[in-house]
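S.K.: Per my numbering, residue 7 is the first one in the sequence shown, and the count goes up by one each step.
Every residue, glycine too, gets a C-beta built ideally from N, C-alpha and C.
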Amino acid sequence: MSQATNQSWGGRFSEPTDAFVARFTASVNFDQRLARQDIRGSIAHATMLARVGVLTEGERDAIINGLTEIQGEIERGEFQWSVPLEDVHMNIEARLTDKIGITGKKLHTGRSRNDQVATDIRLFMRDEIDVIEAELTRLREGMIELADREADTIMPGFTHLQTAQPVTFGHHLLAWQEMLARDHERLLDCRKRVNVLPLGAAALAGTTYPIDRHVTAELLGFDRPSENSLDAVSDRDFAIEFTSFASILMMHLSRMSEELVLWTSAQFDFIDLPDRFCTGSSIMPQKKNPDVPELVRGKTGRVYGHLMALLTLMKSQPLAYNKDNQEDKEPLFDAVDTVRDCLKAFADMVPAIEPKKESMYEAARRGFSTATDLADYLVRKGVAFRDAHEIVGLSVAYGLKTKKDLSEMTLEELQQFSNIIEQDVFEVLTLEGSVAARNHIGGTAPDQVRAAASRAREALAALKGGA
Ligand code: ARG
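See below:
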C-alpha cells in the first residue's frame, strides 16, 4: 500500500484529502502509544477468526508473524509512522500488508476501527491501572509502616489550622492512609468496568461473520464481551471514571502535599524531607524547597482539567461512534502519566519523612491543646459541660497573660477558677495523658494507632489477594 494516500477508504473518493485536513484529522502522532495494545488485539482477532473458519490457519500464522515483527520494529524505533495513514491502526495494517501481501488485508474482516480503538484503549487502561495500583499499594504500605513507627509521637492536631487537641503523628498518617484506601477501592471498581471487550461490535451494529466474541474476550483477558454494539463503540464513561478516580486521588495527594509543605517550613518545623526530594534556590543560599510536594499539589490542576475535558467531550454525543472520541486519548494519557508519577514520587518520599519529634511536642504544648481534657475532667467531677467550658476559658486567658500552658500552672493557680480541681488534674493535662485517654476505635491513643495500623495492613493484603 502506498504511504502517500489512505487507500483503506479511497475507493469512494474522487479527490484526495486536503493536506491540512489530513494533518488535522490524523491521530497517529499521539495514538501510536497504543501500538502494543493494537497488535495484541489484532492477534486475538486473527486467532478467533481462524478458530471460526473465517481465516485459514496459514493466514492466521502469517498475520501473527507479521504483527510480531512489526512490534519489534516499533520497539527498536525503526517503524516509519505515516500521517497520511491517519492513525495507529491503519499504520500497522498497512505495514502488515507491505510485509505479507494480500493476507494482511484480511485482518480487518469482521471489525472496524471503531471497535478496534475502543478495545485498544481498554487494554491500555487495564495495563496502566495495574501499574498505578502497584504504586498506590507501595505508598500505602510505606505510610502504614511509618504510622506504626510514629504511634507514640505527639503533635498538635488542628482544626481551622489552629491548634486544637494533641494527636499522634501515626494517627495523622493513618488518616491519609484511609483516604488512599478509598481511592484504591475506586480504582479497582473502575477496573471492572474497563475490563469488558468491545471488539465484535464492528462499526456500530455487529458483523455478519460468524465471530465468537467469547473467544476473543478470553484471549485478551477481558471478563466478558460488551452487551450492546452501539454502546461499545461509543461510550467513554470508563475513561471518565478513571479520571474521576484520578482527580479524587490527586485532591488527596494535594492535601498531603500542602501539609508537607507547611511542616517543612521554619514556622512549623515538624519534619525534614531528605535533600534528594528538595531543591535549592539559585539566589538564596539558605533555601531548601519542598519541590516534590509542591509539584504534586500543582499537577492536581491538570488532572481535574482532563476530567472536565472528557466529560465535555462525551456530553450530548449521539450514538454511536463520533470522531469527537479521538480526542479522548491525550487527556487520558496525561492523566495516567501524571497520576503514576505523583504516586511514585510519594511512595519514594513518604517512608523517608523525618519527624522532628521535639518540635512537634513543643508545638502541641504551646497551644493549650489539653484545654478540652481539663473541661472533661471537670465534667467527670460533676460540673456541667457549659460551666466547665467557661472555667477552662478563664484558665486559658490567664495562661495567655502569664505565658503558661495549663500543665505549667500550679494547683493554686488552677484552683482560682474552680475549687473542684485537685492534684490528679495533672494526669489529664499532660500531652501523653490526653492522647492515651482517646482510647477507642478510631481514636488517637498510641495503642489504637498500632491496632489500626495492623488492621490497615490486613485490609491492604486482602485487597491485593482478591484483585
Ligand atoms: N483514530 C480514531 C479514534 O481515535 C480511530 C477510529 C476511527 N473511526 C472512524 N470511523 N473514523 O477514534
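Can you check whether the CB of Leu203 is closer than 8 Å to the CB of Ala223?
M.R.: For Ala223 and Leu203, yes; Cβs fall inside 8 Å.
S.K.: Which ranges does the beta strand (DSSP E) cover as unbroken runs of at least 3 residues, wholly within the stretch 130-165, from first to last along the chain?
M.R.: Listed in chain order, the complete beta strand (DSSP E) runs (minimum 3 residues) inside the stretch 130-165 are 160-165.
S.K.: Cβ of Cys348 within 8 Å of Cβ of Leu259?
M.R.: Yes.
S.K.: Grab me the residues of Ala170's own chain with a C-beta within less than 6 Å of its C-beta, minus the 5 sequence neighbours each way, in chain order.
M.R.: Counting only Cβ-Cβ distances below 6 Å, and skipping sequence neighbours, we find Gly163 and Phe164.
S.K.: Please report how far the alpha carbon of Glu134 lies from the alpha carbon of Ile45, in whole angstroms.
M.R.: If I take the Cα positions, the gap works out to 17 Å.
S.K.: Which whole-angstrom value describes the C-beta separation of Ala153 and Leu179, a residue pair presumed to lie in contact below a C-beta threshold of 8 Å?
M.R.: Right, the Cβ-Cβ distance comes to about 4 Å (below 8 Å), so this counts as a contact.
S.K.: Give the single residue among Met149, Phe175 and Gly148 whose Cα lies nearest to the Cα of Asp158.
M.R.: The shortest C-alpha separation from Asp158 is found at Phe175.
S.K.: Please determine whether the Cβ atom of His5 lies at a distance below 7 Å from any heavy atom of the ligand ARG.
M.R.: Since the first residue shown for the chain is 7 and the last is 473, residue 5 is missing from the structure and cannot be characterised.
S.K.: Using only CA atoms, which one of Asn201, Glu300, Arg117 and Val123 lies nearest to Ala211?
M.R.: Considering only alpha carbons, the answer is Arg117.
S.K.: Give the straight-line distance between the Cα atoms of Gly206 and Thr125, rounded to the nearest whole angstrom.
M.R.: Gly206 and Thr125: Cα-Cα distance of roughly 10 Å.
S.K.: Pick out whichever of Thr62, His51, Arg371 and Gln77 has its Cα sitting closest to the Cα of Arg119.
M.R.: Arg119 has its Cα closest to that of His51, out of Thr62, His51, Arg371 and Gln77.
S.K.: Judging by CA-CA distance, which residue of Ala390, Gly399, Ile359 and Phe130 is the nearest neighbour of Ser375?
M.R.: Among Ala390, Gly399, Ile359 and Phe130, the Cα nearest to that of Ser375 is on Gly399.
S.K.: Run through DSSP, which three-state label would Asn295 get?
M.R.: Correct three-state label for Asn295: strand.
S.K.: Going by the CB atoms, is the gap between Val239 and Tyr310 shorter than 8 Å?
M.R.: Result no, Cβ atoms of Tyr310 and Val239 do not sit closer than 8 Å.
S.K.: Between Glu1 and Tyr367, what straight-line distance do the alpha-carbon atoms span, to the nearest angstrom?
M.R.: The requested residue 1 does not occur in the structure, where the chain is confined to residues 7 to 473.
S.K.: Within 10 Å of its beta-carbon, does Phe248 have 16 or more other beta-carbons around it, so buried, or fewer, so exposed?
M.R.: Burial call: buried.
S.K.: Excluding the 5 residues preceding and the 5 following Gly72 in the sequence, name in chain order all residues of the same chain whose CB lies nearer than 7 Å to its CB.
M.R.: Closer than 7 Å at the Cβ level, and outside the excluded window around Gly72, lie Leu102, Lys105, Ile106 and Gly110.
S.K.: In terms of residues, what are the limits of the alpha helix (DSSP H) holding Val34?
M.R.: Run containing Val34: Val34 to Asp37, per the alpha helix (DSSP H) assignment.
S.K.: Should the stretch 126-146 be called in touch with the stretch 23-43, which here means at least 3 C-beta pairs below 8 Å?
M.R.: Touching, yes.
S.K.: Determine the DSSP secondary structure at Arg463, reduced to helix, strand or coil.
M.R.: Reduced to three states, the DSSP call for Arg463 is helix.
S.K.: Would you grab the beta carbon distance between Met257 and Thr214 for me? Rounded to a whole angstrom, and I think it's under 8 Å.
M.R.: Incorrect: roughly 48 Å between the Cβ atoms, too far for contact.
S.K.: Do Gln183 and Ile150 come within 8 Å of each other at the CB atom, strictly closer than that value?
M.R.: In contact: Ile150 and Gln183 (Cβ atoms closer than 8 Å).
S.K.: Should the stretch 54-74 be regarded as contacting the stretch 139-150, the criterion being three or more beta carbon pairs within less than 8 Å?
M.R.: No, they do not touch.
S.K.: Within its chain, find whatever has a CB closer than 6 Å to the CB of Phe85; leave out the 5 residues flanking it on each side and keep chain order.
M.R.: Glu79.
S.K.: Identify the residues that DSSP records as bridge partners of Leu203: which are they?
M.R.: Its beta-bridge partners are Pro231.
S.K.: Could you pull the start and end residues of the beta strand (DSSP E) that Val173 belongs to?
M.R.: Where Val173 is concerned, the enclosing beta strand (DSSP E) stretches over Gln168 to Thr174.
S.K.: Check for me: the alpha helix (DSSP H) holding Cys284 runs from which residue to which?
M.R.: First-last for Cys284: undefined, no H or E at that position.
S.K.: Check whether the Cβ of Arg303 lies closer than 7 Å to any heavy atom of the ligand ZN, and answer yes or no.
M.R.: In terms of ligand content, the structure shown lacks the ligand ZN and carries the ligand ARG instead.
S.K.: So, helix, strand or coil for Pro337, using DSSP?
M.R.: Pro337 falls in the helix class under three-state DSSP.
S.K.: Taking the beta carbon of Thr270 as the centre, do at least 16 other beta carbons fall within 10 Å, making it buried, or is it exposed?
M.R.: Buried: at least 16 other Cβ atoms inside 10 Å.
S.K.: Using three-state DSSP, classify Pro280 as helix, strand or coil.
M.R.: Note: Pro280 maps to coil in three-state DSSP.
S.K.: Go ahead and label Gly2 buried or exposed: buried means 16 or more other beta carbons lie within 10 angstroms of its beta carbon, across all protein chains shown.
M.R.: Since the displayed the chain opens at 7 and closes at 473, residue 2 lies outside it and no answer follows.
S.K.: For Thr416, report the span of its alpha helix (DSSP H) as first-last.
M.R.: Per DSSP, Thr416 belongs to no alpha helix (DSSP H) and is neither H nor E.
S.K.: With a floor of 4 residues, list each alpha helix (DSSP H) that falls wholly inside the stretch 228-276, ordered by position along the chain.
M.R.: Counting only runs of 4 or more, we get 235-240 and 243-270.
S.K.: So is the beta-carbon of Val123 under 7 Å away from any non-hydrogen atom of the ligand ARG?
M.R.: Correct: Val123 has its Cβ closer than 7 Å to the ligand ARG.
S.K.: Using the C-alpha atoms, what's the distance from Asn445 back to Ala459?
M.R.: Using only the alpha carbons, I get a separation of about 15 Å.
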